[in-house]
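Undergrad: Reading the first sequence from the start, the letters are residues 1 to 147 in the working numbering. Quick reminder that beta carbons are idealized off the backbone N, C-alpha and C, glycines included. Sharing a structure below in structure tokens format, with a few things to ask.
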Amino acid sequence: MKSEPSVFSIDDLAKSPKQTTAWDGVRNYQVRNWLRDTIKKGDLAFFYHSSCEVPGIAGVMEVVKEGYPDPTQFDPEDHHYDPGSDSDNPRWYCVDVKFKKKFKRVITIDELRSHKPLAKMQVLQRGNRLSITPVTKAEWDYLLRLG
DNA sequence: GCCAACGTTGGC
DNA sequence: GCCAACGTTGGC
Numbered sequence: 001m002k003s004e005p006s007v008f009s010i011d012d013l014a015k016s017p018k019q020t021t022a023w024d025g026v027r028n029y030q031v032r033n034w035l036r037d038t039i040k041k042g043d044l045a046f047f048y049h050s051s052c053e054v055p056g057i058a059g060v061m062e063v064v065k066e067g068y069p070d071p072t073q074f075d076p077e078d079h080h081y082d083p084g085s086d087s088d089n090p091r092w093y094c095v096d097v098k099f100k101k102k103f104k105r106v107i108t109i110d111e112l113r114s115h116k117p118l119a120k121m122q123v124l125q126r127g128n129r130l131s132i133t134p135v136t137k138a139e140w141d142y143l144l145r146l147g
């Protein structure tokens, strides 16, 4: 799951109340479907720092609340406000995530690409524009040993 | 339904 | 700041 650390970093997550935050603001239909239908309580995710000096995986978090309507879509003051979304049939969803651990170092995108077993990770693929992408069990296990 | 224009993402 | 990639929008 990607976030720009200048907006919200893994340290921000660790400092959040209950070390938990709503992963909101997603405005892509494919990712919306995963948030609404696929991602389950107890699922683990990597926290990926994007659009920053050292892009890469910073740590691990856990889904503690399954998909529910993203409140920011109904807030006219919010940057992610969507006037086209109907409260009876919300367009956008979010989940709550909790800090699990921060790696001793960021596992950089270059390092990820340098490991053959990780080369096919969806997040690394050319043209990927999704803010959340699946990780296979093999990739997950391999990566944990790096972090 | 096509597709050009436009906006966003995100590594570099 | 650049630019490739690609999703969205809107005129037709």
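Take every Cβ of the region 72-81, pair it with every Cβ of the region 28-38, and state whether three or more of those distances are shorter than 8 Å.
TA: No: the two stretches stay apart, fewer than three of their Cβ pairs being nearer than 8 Å.
Undergrad: Relative to the alpha-carbon of asparagine 89, which residue among Lys101, Asp70, Lys98 has its alpha-carbon at the smallest distance?
TA: The option with the nearest alpha carbon to asparagine 89 is Asp70.
Undergrad: List the residues that DSSP assigns as beta-bridge partners of methionine 1.
TA: DSSP lists no partner for methionine 1.
Undergrad: Along the chain, where does the alpha helix (DSSP H) that runs through lysine 137 open and close?
TA: From DSSP, the alpha helix (DSSP H) with lysine 137 extends over 137-146.
Undergrad: Please report the residue range of the beta strand (DSSP E) in which aspartate 200 lies.
TA: As displayed, the chain neither begins before 1 nor continues past 147, which places residue 200 out of reach and without an answer.
Undergrad: Run through the DSSP bridge pairs and tell me what aspartate 12 is partnered with.
TA: In DSSP, aspartate 12 forms no bridge with anything.
Undergrad: Determine contact between the region 90-97 and the region 48-55, defined as no fewer than three beta-carbon pairs at a distance below 8 Å.
TA: As far as the Cβ criterion goes, the region 90-97 does not touch the region 48-55, which means the pair count is below three.
Undergrad: Comparing alpha-carbon positions, which option in Asp43, Lys65, Ser6, Pro5 lies nearest lysine 18?
TA: The candidate whose alpha carbon is nearest that of lysine 18 is Lys65.
Undergrad: Would glutamine 122 be called buried (16 or more neighbouring beta carbons within 10 Å of its own) or exposed?
TA: With fewer than 16 other Cβ atoms within 10 Å, it is exposed.
Undergrad: Spatial neighbours of threonine 108 within its chain, please: C-beta separation below 8 Å, excluding the five flanking residues on both sides.
TA: Correct list, in chain order: Val54, Pro55, Gly56.
Undergrad: On the CB-based measure, 16 or more other CB atoms within 10 Å of its CB, does leucine 146 come out buried or exposed?
TA: Result: exposed.
Undergrad: Quick one: which unbroken beta strand (DSSP E) runs of 3-plus residues sit fully inside the region 8-56? Chain order, please.
TA: Runs of the beta strand (DSSP E) inside the region 8-56: 20-23, 44-49.
Undergrad: Classify proline 231 as helix, strand or coil using the three-state DSSP reduction.
TA: This structure does not reach residue 231, given that the chain is present from 1 up to 147, and the question cannot be answered.
Undergrad: Does DSSP put glutamate 166 in a helix, in a strand, or in coil?
TA: Since the first residue of the chain shown is 1 and the last is 147, residue 166 is not available in this structure.
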